[in-house]
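Going left to right, the sequence shown walks through residues 399 to 537 as our numbering numbers them.
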Amino acid sequence: EITTRLVGSEMCIRDRFNMALKIIIILIGTLFYLLSGPVVKRILTFMSASEMKTSDNIGLLIGYIERMLVILFFILGEYTAIGLVIASKSILRFNDLKDDGTHHNPDKIDKKSEYILLGTMLSLLIGIINGIIFKLVFI
């Protein structure tokens, strides 16, 4: 049996390299997380044929919280909980769409639901990618 032993300075250099790599991965993941809101918003604006009304950024905040929960559940290996986050958001949004109010425009409801679904799927994708990035650090 052949064993390799690192002594003194060799072990210290390896540990510093691993720590620096982890810090870089955490910084990249954090930057990716922080930029995800504006990126999702731009993609949705680009993909939307009709102009959506200006929001008060509540959807942006919901997206950040959703992605943070997805990242945490991914790191913890609680994949079922990720499905619950998405399902709960979908149920709330479905009720909003069902109560179209005075407009009664089925085409608008379909486009709005597609817009919301696209935003949710982009948010989920970004959250999972970010979870993978952070999980690489914590493994």
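Note that the Cβ used here is the ideal one computed from N, Cα and C, for glycine as well. Fair warning: this is a prediction, and the values are worked out from it, not measured in the lab.
Residue of the options minimising C-alpha distance to residue i
i    : options                : result
L429 : I441, Y462, F444, R440 : Y462
E476 : I526, I460, G435, R440 : I526
N528 : F472, L419, I489       : F472
G435 : S446, M445, N455       : N455
L520 : N416, F415, M445, R414 : M445
Own chain partners of residue i with C-beta closer than 8 Å, once the 5 adjacent residues on each side are dropped
i    : result
I424 : F532, V535
K487 : I460, E464, T518
Sequence-distant residues of the same chain with beta carbon closer than 6 Å to residue i, five excluded per side
i    : result
L467 : V483
A479 : F471
Beta-carbon spacing of residue i, residue j below 9 Å
i    : j    : result
Y431 : I469 : yes
L419 : L516 : no
I537 : V437 : no
Own chain, CB closer than 7 Å to residue i, minus 5 neighbours either side, in chain order
i    : result
R440 : none
I426 : I531
I422 : none
L522 : V468, I484
### Message
Extract the residue ranges of the alpha helix (DSSP H) inside the segment 403-484, only unbroken runs of 4 or more that lie entirely within it.
### Response
Runs of the alpha helix (DSSP H) inside the segment 403-484: 406-445, 456-474.
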